Each structure stands twice: as C-alpha cells, then as structure tokens.
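Asks: Offset between the sequence shown (1-based) and the working numbering: plus 998.
From the three backbone atoms N, C-alpha and C, an ideal C-beta is built for every residue, glycine too.
These figures come from a predicted structure and were not determined experimentally.
This is the structure I have questions about; it appears just below.
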Amino acid sequence: MKKINLSDDITVYQFSPEGDRIVGLNITVIKDNDEYIIIDPGYERYLKIVLNDINENKIKNVFITHYHTDHYEGLTLLNNINVYGSKYASVTLSKYAKKDFLRSLPTVLINKTKIVEFEKHKIVQINNPGHSICSSIILLDDKYMFVGDDLIYNNEGVPVIPFVADKNIEQQISGLNNILNLFDNHIIVPGHGKIINNKVFVFEDVKNRIEYLNYILMNKCASYEEFHKQTGIKFLGSNWHNYNKS
C-alpha cells in the first residue's frame, strides 16, 4: 500500500493488485478539522489498514462512487456515519450484497446532485449511471474528480478496458460523456489505479473508451484483437471484452 498526499489533508491510500489481478484499489481520506470524510471505503480488509492511521470515531461522512463490493464493503466497520450514495444503490446491492444489506444503504440518497459544504471542504456528488446504474461523479473542492470505475487504470496509469458491469453499453457511453462535459482540468482520482493530472490524456482516454463501446455496439461478434487492429486503441484487461459484448 502507498499513501499519496494530494494536499496536507487529502490522502489516497493506493493498494496494489492482489494475486493475478491487474488493478489495485484507492481509498481516499479527507481531514476536515477534527473529523474525517472517506470516499469509497473499499474492502473491509483494506479499510482496516487505513484505520490504523486515523481514529474511526472521527469518521462522520462517507461518499460512495458506486455500490460494488470493492468500493462499499468497508462501511460495515463504521458506525454513526452519514453515507452519501445514489438513489439506485439498492438496485445494485440486491445483486452483490452478501451481508449487511440495510447497513450498507445510503443514509443520504443522491437523486440528481447533492452539494455538501464542510468546514474546510466542499463536495458535489452527481448521479451518473455508467459502469453501474448507481455510479456517481464526486467533485472535491472544484479540483478533484472521483470517477469510480468509469475510468480504470493500473497503478502505473495504463488504461484498463471499460468493464460494462450492468451490460448496458448505452448507459456506459452516457456516463463517459457526462464525465467529458463536467471535466474542467480536474485531477482525476479513479477507483482503481494511478491519479491522473493530464488534461490531454484524460480527453483522449475517455474518447477511446467511447469509441470502444460504440464499436462493440455495432460489432457484437468482433474480437478485441479485431477492435485493436481496426482502431489502434489498446487497453489492458482485454479478457473483459467477451463479458462486455455478451
């Protein structure tokens, strides 16, 4: 695990991939005077490591980019907190939650957009169905954009193929277009992988993802190799391609 300090009071805990996986996981901790805010508490086992650094009783607010286990499971370790998440959280939890379903639900539902002003920080959470119907974009201090799994990289910053979790390609394209529309030279903090501070790279990567998704919409039987040969676009994790087009 590596700690990345975005500022004096914003730290990303970046975990390495486990086993034969190609992506790690990011948990973000924000200090707001005497309290803490977390964006995506991750797996329980990862959050336990983070809690070695901070007083869990000082965690008062948690924001969830989307309700897949690797992003929300750590909630089960926390008590007496506000949990901000999409109004569609229960749809996804009904598929993935193996325990503590009710405890994992948001206490503050994001119907469209929610602006929360803390003492030192401002967070804007925006519903953005994409990778999952319950996906959100989270803007921190008008500087950082948290995109969950709509943009995935390895820890070295190499783009990983889009994963169409809901098997709704049009939804995922819409989510990516919303990222493009909101992006204003923000620093991108993905749910997995390297933090990206490169405007040109972000625009090119998002457009490549949209091109890939449009390609599989039009070419359901095409292989990843055919896509790469035709477009020159390359992603890690090409084994997800067959899932995406199924």
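(1) Would you identify the three-state DSSP class for M1216, choosing helix, strand or coil?
(2) Near L1138, which residues of its chain fall below 6 Å by C-beta distance, leaving aside the five closest residues on each side in sequence?
(3) In whole angstroms, give me the CA-to-CA distance for S1244 and L1049.
(4) Touch check for the stretch 1177–1193 and the stretch 1226–1235: three-plus C-beta pairs under 8 Å?
(5) By alpha-carbon positions, which one of A1087, H1066, Y1210 and S1102 ends up nearest to N1077?
(6) Can you tell me the Cα-Cα spacing of I1008 and A1095, whole angstroms?
(7) Buried or exposed: where does L1091 fall if 16 or more other Cβ atoms within 10 Å of its Cβ makes it buried?
(8) With DSSP as the reference, label I1131 as helix, strand or coil.
(9) With a CB to CB cut of under 7 Å and the five nearest residues on each side skipped, what residues in its chain are close to I1108?
(10) Just tell me which of S1130, K1192, N1206 and I1208 has its CA closest to the CA of K1165.
Replies: To lay it out plainly:
(1) helix
(2) I1121
(3) If you take the alpha carbons of S1244 and L1049, they lie about 40 Å apart.
(4) As far as the Cβ criterion goes, the stretch 1177–1193 does not touch the stretch 1226–1235, which means the pair count is below three.
(5) It is S1102.
(6) 29 Å
(7) buried
(8) coil
(9) Y1082, G1083, S1084, K1085, Q1123, N1125 and S1134
(10) S1130
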